[in-house]
Structures are given as C-alpha cells and as structure tokens.
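I have placed the structure first, in the form of structure tokens, so that the comments after it can refer back to it.
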Amino acid sequence: MGVPPQTVSNMSKFESPDPGYWCRRGYAVANVDPRGIGHSEGDFIQFGTQDAQDGYDFIEWAAEQPWCNGRIGMAGNSCVAMTQLRIASQCPPHLVCIAPWEATTDMYRESLCEGGIPARSFVRMVMAEAVGPNYIDDTPDNLTLYPYINCTYWKDKDPI
1449 MGVPPQTVSN MSKFESPDPG YWCRRGYAVA NVDPRGIGHS EGDFIQFGTQ DAQDGYDFIE
1509 WAAEQPWCNG RIGMAGNSCV AMTQLRIASQ CPPHLVCIAP WEATTDMYRE SLCEGGIPAR
1569 SFVRMVMAEA VGPNYIDDTP DNLTLYPYIN CTYWKDKDPI
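Using our numbering, the letters of the sequence shown map in sequence onto residues 1449 to 1608.
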C-alpha cells in the first residue's frame, strides 16, 4: 500500500503536498518550518498559540506576494494537519480552505495521556525529529511538569 514512489517528486516533503505535482497545475507550494525548527529563529513551542499566530502571519504575507492570487489553502497529514487546525482557528482572512487528515485536536487526551494513562513514547519519537538552534519544547517531559489537563500549558495547545 501507499503512494507509488515514481509518482512523488524529489521536492516532496514528508506529510505535505508535493510541489512537483501541484506547481505544474498552477499552484504555489510553501513548506514552512515553524519558529525554532531548521534555520528558523526563535524557540519551538509545539502546537501552541505562537505557532498559530506565526501561521496566520505567513498566510497573510503569502497572500500579498506577486505569485499568489490571494487565496490560500493548506493541506497535510499528522503534524501538518494539527498545525492547520490551529492556524485556521485564528481566522486568517486569506485562508480559504484546509485539508487536514489524521490530526489530533487534543494533544493531552489523544496523544500523551490517552484514557488517562501517560504514554510518552510516540510523541517522544516524533519530537526527536524536531531539530533547531534554540529551545525546543519537550512536550512528553512536560506531562510530568504539568500533569493536569486544566493548566495553562495544555490549554495553549487546544486549537478550539
């Protein structure tokens, strides 16, 4: 199962739309690193308010570029899907659609503490891929620091 390798270009980024496919059809594709990841400045706070505000700012910036018609859509899987939900909750005026798939909307209940039982291993594995020059939020360890769902730390990660 899966996508046949010959149908994906070498420009494709994990869990995101393939520029090789979409650009030939008249779309611009931007795969943006969040604050603090890759060569982006700042600290990485996974799925927080800052991430959503940065996404809002990027959408509004992209809408004003000469290569854009002002209509922005977002698509992607997993982490990219969860980020879409958070950005869409900020209601950027130029965001006309999102296409998230396989997203969790509650990091605490659906990923780290499903059924009330702490389960850090999957999120720890995903977070190991988050590489950047500055502080990177350690969400699995923060389950120990902030064990209760009603604290500010977890409320900041709620997209709704």
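We put the CB at the ideal spot given by N, CA and C, even for glycine.
Here the structure is a predicted model, which means the values were calculated and not measured.
Terminal residues of the continuous alpha helix (DSSP H) containing residue i?
| i | result |
| --- | --- |
| Val1477 | Where Val1477 is concerned, there is no enclosing alpha helix (DSSP H), given that its DSSP letter is neither H nor E. |
| Gly1468 | 1467 to 1470 |
| Thr1600 | 1600 to 1603 |
| Met1573 | 1569 to 1575 |
| Trp1509 | 1497 to 1511 |
Buried or exposed for residue i, going by 16 or more other Cβ atoms inside 10 Å?
| i | result |
| --- | --- |
| Gln1494 | buried |
| Met1459 | exposed |
| Pro1541 | exposed |
| Leu1593 | exposed |
| Asp1491 | exposed |
| Trp1602 | buried |
| Ile1507 | buried |
| Ile1520 | buried |
| Asp1589 | exposed |
If you follow the beta strand (DSSP E) that residue i is in, where does it begin and where does it stop?
| i | result |
| --- | --- |
| Met1522 | 1520 to 1525 |
| Ala1547 | 1543 to 1549 |
Going by the beta-carbon positions, is the gap between residue i and residue j smaller than 8 angstroms?
| i | j | result |
| --- | --- | --- |
| Val1528 | Glu1577 | no |
| Lys1605 | Met1573 | no |
| Asp1505 | Pro1482 | no |
| Gly1503 | Arg1473 | no |
| Ala1476 | Trp1515 | yes |
| Val1511 | Ala1478 | A small fix is needed here, since residue 1511 is Ala in this sequence, not Val. Not closer than 8 angstroms, so no. |
| Gly1484 | Tyr1583 | yes |
| Gln1532 | Gln1501 | no |
Below 8 angstroms on the Cβ atoms is my guess for residue i versus residue j; work out the distance and round it to an integer in Å.
| i | j | result |
| --- | --- | --- |
| Met1530 | Ala1547 | Contact flag wrong, Cβ pair sits at about 13 angstroms. |
| Pro1609 | Gly1524 | Beyond the ends of the chain as shown, which are 1449 and 1608, falls residue 1609; an answer cannot be given. |
| Ala1536 | Leu1543 | 6 angstroms |
| Leu1560 | Thr1600 | Wrong, their Cβ atoms sit about 16 angstroms apart, outside the cutoff. |
Which residues does DSSP list as the beta-bridge partners of residue i?
| i | result |
| --- | --- |
| Ile1584 | Phe1492 |
For residue i, decide whether its Cβ has a neighbour in chain C, counting only Cβ atoms nearer than 8 angstroms.
| i | result |
| --- | --- |
| Trp1515 | Protein chain content of the structure displayed is limited to a single chain, and chain C is not contained in it. |
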